[in-house]
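In terms of my numbering, the sequence shown opens at residue 4 and continues consecutively.
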Amino acid sequence: MTRLLAVAHQTAEADEFLAAVRSAAQSDHAEVVLLVPATPVKHLTSWTQGESRSIAREKADSARRRLEETGVDVVEARVGDPDPYQAILDSLNLGDFDQIIVSTFPAGISRWLGADLINRLGRSVSVPVTHVVAH
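1. What residues are listed by DSSP as bridge partners for residue 136?
2. Thinking C-alpha only, which one of 13, 12 and 67 is nearest residue 35?
3. Could you please give me the residues that DSSP links to residue 102 through a beta bridge?
4. In whole angstroms, give me the CA-to-CA distance for residue 59 and residue 12.
5. Counting beta carbon pairs with one atom in the stretch 97-117 and one in the stretch 4-22, are three or more of them shorter than 8 Å?
6. Could you name the residues of the same chain whose beta carbon sits closer than 6 Å to that of residue 116, not counting the 5 residues immediately before and after it, in chain order?
7. Do you know how far the Cα of residue 113 is from the Cα of residue 135?
8. What residues are listed by DSSP as bridge partners for residue 72?
9. Does residue 33 come out as helix, strand or coil in the three-state DSSP assignment?
10. Assuming residue 90 and residue 38 form a contact by the criterion Cβ under 8 Å, report the distance between their Cβ atoms to the nearest whole angstrom.
11. In terms of residue numbering, what span does the alpha helix (DSSP H) encompassing residue 198 cover?
12. Please classify residue 79: does DSSP put it in a helix, a strand, or coil?
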């Protein structure tokens, strides 16, 4: 069975991300692990690790429900390291995946793209990475 790592935070419930995960999962009959890094959300003026993890957990649970409603087999919805790059590497160390889907806001808005996440992953992991931009 194919295993898919789906990664998002603030865009975890965006139509573009949900559609991309659903399409990949259904075409490959994949098991999906949903990963939401505990990155600080930009609308908070101050945050602590606990607040970030709590918000990420809520996002993961909500996105999981939406994916499962469309028939996607989400075997786990996990909260990861605050650094999305490290969170993805940690997940790859915990299990084998056949594809990674990463959702971000568009360039200029996305902190993940500002940190060159997609290119860094492309250079450092052997798993194909699909980038989805949520508008």
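We put the beta carbon where it would ideally sit given N, CA and C, even for glycine.
So, to answer that:
1. Translated into the one-based positions of the sequence shown, residue 136 becomes position 133. In the DSSP output, where bridge partners are listed per residue, residue 136 has 107.
2. For the purposes of this step, residue 35 is taken as the residue at position 32 of the sequence shown. That would be 67, whose Cα lies nearest to the Cα of residue 35.
3. In the sequence shown, counting from the first residue as 1, residue 102 sits at position 99. Answer is 7.
4. If you number the sequence shown from 1, residue 59 lands on position 56. If you number the sequence shown from 1, residue 12 lands on position 9. If I take the Cα positions, the gap works out to 7 Å.
5. Yes, since at least three Cβ pairs between the stretch 4-22 and the stretch 97-117 fall closer than 8 Å, the two stretches touch.
6. Position 113 of the sequence shown, counting from 1, holds the residue named residue 116. 107 and 110, listed in sequence order.
7. In the sequence shown, counting from the first residue as 1, residue 135 sits at position 132. In the sequence shown, counting from the first residue as 1, residue 113 sits at position 110. Approximately 12 Å, taken between the alpha carbons.
8. Position 69 of the sequence shown, counted from the start, is the residue given in the question as residue 72. Partner(s): none; residue 72 has no beta bridge.
9. Start at 1 with the first residue of the sequence shown, and residue 33 comes out as number 30. Reduced to three states, the DSSP call for residue 33 is coil.
10. Residue numbering aside, residue 90 sits at position 87 when the sequence shown is read from its first letter. Residue numbering aside, residue 38 sits at position 35 when the sequence shown is read from its first letter. Confirmed, about 6 Å.
11. In this structure the chain extends from 4 to 138, so residue 198 is not present and cannot be described.
12. Taking the sequence shown and counting its residues from 1, the one referred to as residue 79 is at position 76. Residue 79 falls in the strand class under three-state DSSP.
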